[in-house]
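Have a look at the structure below, then the notes.
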Amino acid sequence: MNGTIALTGATGFLGRYIVRALAARGARVVGVVRNPDKVPALVTEGVELRRADLAEPDLLARGFAGADAVV
Numbered sequence: 000m001n002g003t004i005a006l007t008g009a010t011g012f013l014g015r016y017i018v019r020a021l022a023a024r025g026a027r028v029v030g031v032v033r034n035p036d037k038v039p040a041l042v043t044e045g046v047e048l049r050r051a052d053l054a055e056p057d058l059l060a061r062g063f064a065g066a067d068a069v070v
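Numbering that gives the first Met the number 0 applies: residue 0 is where the sequence shown begins, and numbers increase by one.
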């Protein structure tokens with residue numbers, strides 16, 4: 000699987016599982032999270048973190064920019 004996948008909920012139980020599954024298949028994973036400082040472990044797994052919040056539409060647009068798919 001090639002391409003960039005933006006993943007919301009990357010910090011949750013299922014999100015972390017999905018991160019690993021996508022990365023194992025060769026996807027570039029972007030974790031769209033409210034507070035990137037709280038999840039440094041995802042960075043060590045090769046996930047690019049972008050700050051976004053449903054209450055801030057401008058941040059959402061930046062969080063999903065360049066993604067081929069959103070999960």
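C-beta atoms are modelled at their ideal positions from N, C-alpha and C, and glycine is treated no differently.
- Taking all protein chains shown into account, V31 has 16 or more neighbouring C-beta atoms within 10 Å of its C-beta and is therefore buried.
- The shortest C-alpha to C-alpha distance from I4 to any of F12, L58, L48 and A54 is the one to L48.
- Closest by C-alpha distance to G25, out of T7, G8, G45 and D36, is G45.
- Annotation for L48: the continuous beta strand (DSSP E) segment containing it runs E47 to R50.
- Annotation for L21: I4 and V28 place their beta carbon closer than 6 Å to its own, counting only its chain and skipping 5 residues before and after.
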